[in-house]
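Residue numbers (this note's numbering): 18 to 277.
Okay, here's the thing in structure tokens:
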């Protein structure tokens, strides 16, 4: 596997993990037809942090057995170096959420030589057809060449942080030519696993970086700057963020909860 490709792995997990995963966290509504929250690993260095432009009011949850099972199944199946992760975005999309803008994942806090793994599952895999199956559309930032990968049930799409910087992607649900639209809801649940290189420790309920600097909620000016920097990263092939000691998400300054 090179650092500039998207690699798909089918996990040998029978049935569906949807219900177990859906009830493993408390979800926040992040848009029409879209739910989300974060998962974090337990680490002696503190709580892994991945700051993004999405603001959450609910605290993250620690990884539970169902989340670790996915990583273990991937490492048992993939013929390559083990996947190391300590943070994840867990989301659920229904039929109301079908479109997304091209983007690169935000990597302010993600370890530079690590990998990102997108896991997919569906609520009703036995009735899953192409009309209800989402796809990952990919676009090269330089050539604008496009490709796509079907997000099949219990699959993982693996790509490096280097690849993430060179490409943009989006998860979509598109009409299938010659096929009837899905007549029943078949929700997609996805988990984007990654490895954070940034940690905070909570003391008296407040988060601090390793050097003792507090992690604070962004002011209005900092929030505007954060979105501007994010836009630069999204367009760049090798963007490096300046040091930032704030987050726009209230959840990042709240201690995580156990998995449900």
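In this text, a Cβ means the ideal position worked out from N, Cα and C, and glycines have one as well.
Straight-line gap, residue i to residue j (C-alpha atoms, nearest Å)
i: residue 205; j: residue 219; result: 34 Å
i: residue 264; j: residue 38; result: 27 Å
i: residue 215; j: residue 169; result: 32 Å
i: residue 236; j: residue 244; result: 12 Å
i: residue 118; j: residue 66; result: 24 Å
i: residue 162; j: residue 23; result: 14 Å
i: residue 159; j: residue 183; result: 8 Å
i: residue 33; j: residue 153; result: 20 Å
i: residue 267; j: residue 240; result: 12 Å
i: residue 256; j: residue 250; result: 5 Å
i: residue 29; j: residue 253; result: 37 Å
i: residue 277; j: residue 258; result: 34 Å
i: residue 101; j: residue 132; result: 8 Å
i: residue 99; j: residue 31; result: 22 Å
i: residue 83; j: residue 49; result: 26 Å
Nearest-angstrom beta carbon gap, residue j and residue i [assumed within contact, 8 Å]
i: residue 189; j: residue 116; result: 6 Å
i: residue 123; j: residue 69; result: 5 Å
i: residue 270; j: residue 232; result: 6 Å
i: residue 104; j: residue 211; result: 5 Å
i: residue 185; j: residue 151; result: So it is not a contact: roughly 17 Å between Cβ atoms.
i: residue 63; j: residue 193; result: Not quite, the Cβ-Cβ distance comes to about 46 Å (not below 8 Å), so this is no contact.
Secondary structure of residue i, DSSP reduced to three states
i: residue 16; result: Since the displayed the chain opens at 18 and closes at 277, residue 16 lies outside it and no answer follows.
i: residue 232; result: coil
i: residue 147; result: helix
i: residue 88; result: helix
i: residue 129; result: coil
i: residue 19; result: Model confidence at residue 19 stands at a pLDDT of 49, short of 50, so the residue's coordinates are unreliable; what they give is reported in the following sentence. Residue 19: coil per DSSP, three-state reduction.
N- and C-terminal bounds of the beta strand (DSSP E) containing residue i
i: residue 112; result: That residue, residue 112, is in no beta strand (DSSP E); it is neither H nor E in DSSP.
i: residue 38; result: Note, residue 38: premise wrong, no beta strand (DSSP E); alpha helix (DSSP H) at 35-39.
i: residue 189; result: 184-189
i: residue 135; result: 132-139
i: residue 54; result: 51-57
i: residue 118; result: Counting along the chain, residue 118 falls outside any beta strand (DSSP E), and DSSP gives it neither H nor E.
i: residue 176; result: 172-177
i: residue 164; result: 163-167
i: residue 216; result: 216-220
i: residue 210; result: 205-211
i: residue 224; result: 223-226
i: residue 255; result: No beta strand (DSSP E) contains residue 255, which DSSP labels as neither H nor E.
Element boundaries [alpha helix (DSSP H), containing residue i]
i: residue 242; result: 237-252
i: residue 43; result: First-last for residue 43: undefined, no H or E at that position.
Exercise for the section: Please determine if the stretch 76-85 and the stretch 46-57 are in contact, where contact requires at least 3 C-beta pairs separated by less than 8 Å. Expected result: yes
Practice task
Would you check if the stretch 132-142 and the stretch 172-180 touch, i.e. whether three or more CB-CB distances between them fall below 8 Å?
Solution key: yes
Handout entry: Touch test, the stretch 99-111 against the stretch 26-45, Cβ-Cβ under 8 Å, three pairs minimum
Key = yes
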